[in-house]
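The next block holds one structure in the form of structure tokens; read it before the comments.
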Amino acid sequence: MTAAERFRSAVERSDLSALDELFHDDVRLYSPVKFTPFEGKPMVMGLFGVLLRTFEDFHYVGTLDGTVETSADGTGAPSTVLVFRATVGGRSIHGIDLLQVDEAGLIKEFTVMVRPQSAVHALGEAVLAGLVADGLVPAPVAP
Numbered sequence: 001m002t003a004a005e006r007f008r009s010a011v012e013r014s015d016l017s018a019l020d021e022l023f024h025d026d027v028r029l030y031s032p033v034k035f036t037p038f039e040g041k042p043m044v045m046g047l048f049g050v051l052l053r054t055f056e057d058f059h060y061v062g063t064l065d066g067t068v069e070t071s072a073d074g075t076g077a078p079s080t081v082l083v084f085r086a087t088v089g090g091r092s093i094h095g096i097d098l099l100q101v102d103e104a105g106l107i108k109e110f111t112v113m114v115r116p117q118s119a120v121h122a123l124g125e126a127v128l129a130g131l132v133a134d135g136l137v138p139a140p141v142a143p
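Quick note: the sequence shown uses UniProt numbering, first residue 1, plus one each step.
Below is the structure:
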């Protein structure tokens, strides 16, 4: 079973311990709601704890496999795109998870893209609230 297949199964079962085994210690997760990536396994695992609670009716609907260029010389990393549908705060979301795997079969880089924009805003608000509640980020300061 590939890393992407194991990842999909773990997400569908909401199994955080199985996810923990799949991420590289230095994993980076690029989110549609934050400019800089979430970095390192502890932060990414904390984020997944929030995401698994936040998404409603989450399900994968497709898979695409290939490579993503990772260096100037054109070297590519094995990559999988998982297409999903979900709901957050009453907003329907259509999105993809792009997983890039290292030579050991661990997820080294993870990019999430979602649409439409109204869903991105609903997701951002829900994730921020969850991260604050779990003590992973400080509460925003009101102006």
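Positions of the beta carbon are idealized from the N, C-alpha and C atoms, including for glycine.
Sorting T87, G135, H94 and H24 by C-alpha distance to the C-alpha of V112 places H94 at the top. Around the C-beta of Q117, fewer than 16 other C-beta atoms lie within 10 Å, and the residue is accordingly described as exposed. For P42, the three-state secondary structure derived from DSSP is helix. Membership of G95 in the beta strand (DSSP E) is indicated by the continuous run R91 to V101.
With at least 16 other beta carbons inside 10 angstroms of its own, G130 counts as buried. Comparing C-alpha distances from D134 to each of T54, V68, T70 and E21 shows the shortest one belongs to T54. By alpha-carbon distance to D102, the top candidate from H121, D25, G46 and F38 is D25. The residues A122 and A126, in chain order, have a CB closer than 7 Å to that of G89 in the same chain once the five nearest residues on each side in sequence are set aside.
Around the beta-carbon of D65, fewer than 16 other beta-carbon atoms lie within 10 Å, marking it exposed. Separation of the CB atoms of F23 and S31 is rounded to 15 Å, and the pair is thereby denied contact status at 8 Å.
Listed as beta-bridge partners of H59 by DSSP are R85. For A77, the pairing in a beta bridge is given by DSSP as V68.
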